[in-house]
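In our numbering, the protein residues as written are 2 to 325. The C-beta atom is built at its ideal place from N, Cα and C for all residues, glycine as well. The structure appears right after this line, and notes come after that.
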C-alpha cells in the first residue's frame, strides 16, 4: 500500500484529491494541516483511515513525523495571502523535510499560468515561460526552486493544470452568477466580446486523476513537466460554455443575435486589463501526458453539467435558507 503525504488539502483541489483517494481505498493517506479541527472536522471521528499532522510549512520543526521514507508527497500549497518570500520559504522547508525523510517522489501541482503571454496558439511543456502577473511569477520561481533542490535527492514531477473548474471551485462562478442574475444586456455584450475565446478550462476530476496517475507511475521522472487541460475539446470556448450552462440552468437565450467582436479588439482589451493570457485562440496541450497513457475520466461537457447541477443545488439550498 502506497503512503501518500499531502500538503494543501484544505483547498479546492486538495479536498477533491482526498475524496478520490479515499474512494479508491488502496492508499495510506497522511495530511498536513495548520488546524486539523477547522480543516478536517468532517473527517475526524468518521472512521476514515487518514492520519493528520498539525503543522505549518513556515515552521520546519512542526513537520517532524509528517513524512517518512519511501512515501510520495503531493504538494498543493500556495499561500495566497502571503508574499513571494513566504511561498519560497514554505516550499524550501518542504524540500528539506523530503530530503531528511528520503521520500520516493514529490508531485508538485503548479499552474499553466506560469507560461504567461504567448503568441502561439498551442502551448506545450517546452513553451518558454514569460509570466507577467505576480501569481505567475511566484509560481515559476517555486517550480525552479523545486527543480534545483530536488533532483539529486528524490524524484520530482510537476503538473500544470489550466483553469480548474468543478463543484466548490471559483472558475466559472462569476459567469454562472452573471447568467443567473439575468442582466441580459451585460451578459449579451460580454457574449459578443468573448465569443469563441478559448476558456482553457479543465475539470477537477481530470486534474485529480492526473495527480493519481503520476503518483502510480513507476518510472523516474527526474523533473518532467506535464500539462493537464481539456483544451482538446472544441467546446472549451466562451460561446459554447455559456450555451451549455444557460441550457443547464434554464436561462433564456438572448433575443438578439450575437455580433462577434474582432479578436484584435479583445486582445487589446485583455492587455489593457493586465491579463496573463491575452491570446483568445490559445490552447494548452496535454498530449505529453496522454502519450504516457493518461486518459481523462470526465468529458468536458459532462464536467460542465456536473458543475451546473452542483450550482443549482447550492442555489436551491440558499433559497430555502432565506425563507426559514
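Of the listed residues the options, nearest to residue i (C-alpha basis)
i: residue 61; options: 26, 100, 28 and 202; result: 100
i: residue 152; options: 53, 162, 181 and 96; result: 96
i: residue 132; options: 5, 288, 14 and 278; result: 278
i: residue 10; options: 263, 243 and 19; result: 19
i: residue 208; options: 35, 15 and 253; result: 15
i: residue 165; options: 194, 229 and 242; result: 229
i: residue 169; options: 310, 266, 71 and 4; result: 310
i: residue 31; options: 124, 251 and 8; result: 8
i: residue 104; options: 35, 114 and 5; result: 5
i: residue 301; options: 125, 29, 234 and 67; result: 234
i: residue 216; options: 29, 13 and 51; result: 29
i: residue 26; options: 265, 3, 263 and 70; result: 3
i: residue 261; options: 195, 13, 314 and 306; result: 195
i: residue 264; options: 280, 255 and 138; result: 280
i: residue 266; options: 218, 191 and 307; result: 191
i: residue 82; options: 136, 63 and 232; result: 136
i: residue 185; options: 255, 139 and 214; result: 255
i: residue 138; options: 286, 84 and 68; result: 84
i: residue 172; options: 219, 183, 218 and 242; result: 242
i: residue 296; options: 114, 307, 313 and 213; result: 213
i: residue 183; options: 313, 306, 252 and 286; result: 252
i: residue 222; options: 232, 179, 293 and 231; result: 293
i: residue 315; options: 36, 220 and 174; result: 174
i: residue 36; options: 71, 134, 306 and 63; result: 63
As assigned by DSSP and simplified to three states, the class of residue i
i: residue 325; result: In this prediction, residue 325 scores a pLDDT of 49, lower than 50, which makes its location untrustworthy; no coordinate-derived value is stated.
i: residue 60; result: strand
i: residue 20; result: helix
i: residue 48; result: Caution applies to residue 48, whose pLDDT of 48 falls short of 50 and renders its modelled position unreliable; the model cannot decide the point.
i: residue 312; result: helix
i: residue 28; result: strand
i: residue 1; result: Outside the displayed range of the chain (2 to 325) lies residue 1, so it cannot be described from this structure.
i: residue 219; result: coil
i: residue 210; result: helix
i: residue 152; result: coil
i: residue 83; result: coil
i: residue 76; result: strand
i: residue 13; result: helix
i: residue 129; result: coil
i: residue 111; result: coil
i: residue 167; result: coil
i: residue 71; result: coil
i: residue 123; result: strand
i: residue 3; result: strand
i: residue 104; result: coil
i: residue 186; result: helix
Cβ-heavy atom distance, residue i to the ligand GDP, below 7 Å
i: residue 36; result: The ligand GDP is absent from the structure shown, which contains no ligands of any kind.
Proximity below 8 Å, CB of residue i to CB of residue j
i: residue 77; j: residue 88; result: no
i: residue 120; j: residue 199; result: no
i: residue 33; j: residue 56; result: yes
i: residue 118; j: residue 155; result: no
i: residue 111; j: residue 160; result: yes
i: residue 224; j: residue 148; result: yes
i: residue 240; j: residue 268; result: no
i: residue 108; j: residue 54; result: no
i: residue 193; j: residue 259; result: yes
i: residue 271; j: residue 189; result: no
i: residue 304; j: residue 122; result: no
i: residue 298; j: residue 236; result: no
i: residue 250; j: residue 157; result: no
i: residue 211; j: residue 274; result: no
i: residue 59; j: residue 93; result: no
i: residue 163; j: residue 202; result: yes
i: residue 13; j: residue 126; result: no
i: residue 69; j: residue 102; result: yes
i: residue 312; j: residue 167; result: no
i: residue 286; j: residue 115; result: no
Report the residue ranges of all beta strand (DSSP E) runs contained in full by the region 222-302; include only those spanning at least 3 residues, in chain order.
-> 225-229
Three or more C-beta pairs closer than 8 Å, one from the region 135-145 and one from the region 245-253: is that the case here?
-> no
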